[in-house]
Amino acid sequence: MCVYSCVRRTAGALLAVTALSVANVPARAQPQPMSLAQAEALALARDPLAARHRELAAGLQAESIADGELPDPTVQVGMLNFPTDTFDRAQEPMTQLQVAVRQAFPPGDSLAIQSRHRVALAEAERARAEARARMVRRAVREAWMEVWYWREAERVVEDSRALFRQLVEITARQYAAGRYNQQDVVRAELELSALEDRLTEIQTRQDTARAELDKWIGPAAGGPLAADVTGLPDVQARNAIEAALLSHPALRAESAVVDAQRQRVALARAAYKPGFSVGVAYGARSGYNPGGDERPNFASATLGFSLPLFRDKRQDQRLAAAQRRVAAAMRNRDERLLQLRRQLSADYAEWQRLGERLALYGEQLLPHARRNAETSLSAYQNDRTDFTTLMRARIAELDTRLRYQRLRADRAKARAHLLYLSGEPK
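Okay, structure coming up:
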């Protein structure tokens with residue numbers, strides 16, 4: 107009996123300790139929702155094209171240093187004028203072992219011009235990396251706003267589903283009381299089923315939007331996202347954005363290409379000047395002169411230069427080609443500026459119109475749709491209107507709420523487009 111009591115007490119103590127241990131285990135921390143700024147930073151860190159442009163810029167910058175240096179001197183070692191009958195170094199007075207060094211000097215200021223050409227190309231790649239970063243940020247914001255909209259649409263439809271369920275209950279009670287026919291009950295159930303299908307479609311659209319966001323931020327797109335659509339910087343005035351277009355990285359890249367092509371023109375002009383080379387040589391001889399004295403060694407110095415003849419077939423053609431490339435690069439730059447200005451006109455107009463519509467919905471359409479739905483329900487319950495009018499009012503309220511959220515998302519996208527043009531505020 108004592109053993110049985112001891113076992114019961116021990117088991118009870120173990121259960122108590124286990125219960126306390128379980129109670130003291132902290133709940134697993136829920137992951138914090140990812141903010142839009144975090145998503146942008148993640149996308150920029152993951153983007154391979156921006157990194158590619160930065161690597162190209164670094165490589166071109168390194169090449170600019172190498173291109174500004176003189177070519178390596180050449181060293182020549184030779185055995186001159188050896189007699190083939192005896193191969194004796196001392197037999198002939200012109201036999202010698204010679205070491206020569208030669209250094210070439212390119213024409214004009216070619217080295218500095220080549221270096222500046224590489225620097226301009228590096229600047230173009232840096233500007234392309236910045237333009238790519240702006241594009242990635244804009245794309246992430248668009249995908250984010252799309253996910254946000256479908257989440258809001260799901261929430262709105264969920265709220266409406268609860269209201270439609272109430273309508274089913276109300277019509278069922280009215281039918282049970284003999285006040286209305288069964289058609290109202292069937293119609294209410296049909297509208298509820300249609301709403302369920304609409305909710306499924308919204309969830310599918312939300313999955314598609316998350317898949318688009320996944321392209322930029324990876325698996326993090328499937329996690330919790332912060333419900334924020336107003337966290338973007340403010341939009342500047344149109345004239346300020348238009349002035350900022352002149353420093354847009356896409357335009358800076360084209361300007362850098364123009365500068366690089368101008369350096370090629372300068373290089374083509376330098377080709378009209380001669381290039382030089384300087385050489386020194388030292389020849390060691392063996393043997394003695396007829397007078398008995400030791401043969402002296404030889405030292406030589408040479409100066410060479412190129413003669414830019416036949417300019418019409420070579421230098422003139424290269425200069426003309428380089429000038430054509432400058433003209434083509436300038437056309438590309440002008441076209442890019444026109445594209446940016448056209449984009450600004452379209453995006454700013456859309457931004458303004460969406461703002462006007464958003465104000466109209468917030469100040470008039472939403473309150474009116476809500477009051478219309480409430481008064482229709484009250485009138486139906488008091489036999490002053492039919493069920494069709496009630497359902498039309500409820501569906502109109504739902505559609506108005508969804509359009510309002512769509513306008514909010516679209517205006518946030520328009521803001522992202524304008525920020526792509528103006529750049530982030532300092």
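Counting with my numbering, you get residues 107 to 532 for the letters of the sequence shown.
We put the CB at the ideal spot given by N, CA and C, even for glycine.
Spatial neighbours of residue i in its chain, beta-carbon cut-off 7 Å, leaving aside the 5 residues before and after
i	result
Met251	Val335, Ala515, Ala518 and Lys519
Ala390	Gln202, Leu203 and Asn403
Thr180	Arg208
Ile219	Gln369, Ala372, Leu373 and Ala376
Pro212	Gly381
Glu530	Pro339
Arg476	Glu503
Met185	Leu203
Residue i (DSSP reduced to helix, strand or coil)
i	result
Val341	coil
Pro311	Contrary to the premise, residue 311 reads as Arg rather than Pro in this sequence. Of the three classes helix, strand and coil, the one that applies to Arg311 here is helix, per DSSP.
Ser451	helix
Ala332	coil
Ala172	helix
Arg490	coil
Met140	strand
Ser266	helix
Leu413	coil
Ala149	helix
Glu400	strand
Tyr510	helix
Tyr378	coil
Ala405	strand
Ala428	helix
Sequence-distant residues of its chain with Cβ nearer than 6 Å to residue i (five each side left out)
i	result
Val246	Ala145, Glu146, Ala149 and Trp322
Thr124	Bear in mind that a pLDDT of 39 at Thr124, under 50, signals an unreliable position, so the number given afterwards is only what the model happens to contain. Excluding residues within five positions, none has a Cβ falling inside 6 Å.
Glu236	Pro355
Ser127	The predicted model places Ser127 with a pLDDT of 43, which falls under 50 and marks its position as unreliable, so this point remains unresolved.
Val225	Ser170
Pro139	Pro330, Leu331 and Ala332
Arg160	Ala235
Arg195	Thr201 and Ser392
Leu273	Ala294
Leu504	Ser266
Val183	Val205
Ser141	Ala332
Nearest-angstrom beta carbon gap, residue j and residue i [assumed within contact, 8 Å]
i	j	result
Ala359	Arg234	5 Å
Tyr467	Arg509	7 Å
Leu166	Ala239	That belief does not hold up - the Cβ atoms of Leu166 and Ala239 are roughly 19 Å apart, past 8 Å.
Host beta strand (DSSP E) of residue i (start-end)
i	result
Leu351	Counting along the chain, Leu351 falls outside any beta strand (DSSP E), and DSSP gives it neither H nor E.
Gln209	Gln202 to Phe211
Other residues of its chain near residue i: CB distance less than 8 Å, five sequence neighbours each side excluded
i	result
Gly324	Leu148 and Arg152
Phe270	Ala294, Glu297, Leu298, Leu301 and Arg500
Glu264	Leu305
First and last residue of the uninterrupted alpha helix (DSSP H) at residue i
i	result
Ser383	It is not in any alpha helix (DSSP H) - Ser383 instead sits in the beta strand (DSSP E) that spans Phe382 to Ala390.
Gln182	No alpha helix (DSSP H) contains Gln182, which is instead part of the beta strand (DSSP E) from Thr180 to Leu186.
For the region 414-432 and the region 368-378, state whether three or more C-beta atom pairs, one from each stretch, are separated by less than 8 Å. yes
Are at least three pairs of beta-carbons, each pair with one atom in the region 452-465 and one in the region 482-496, less than 8 Å apart? no
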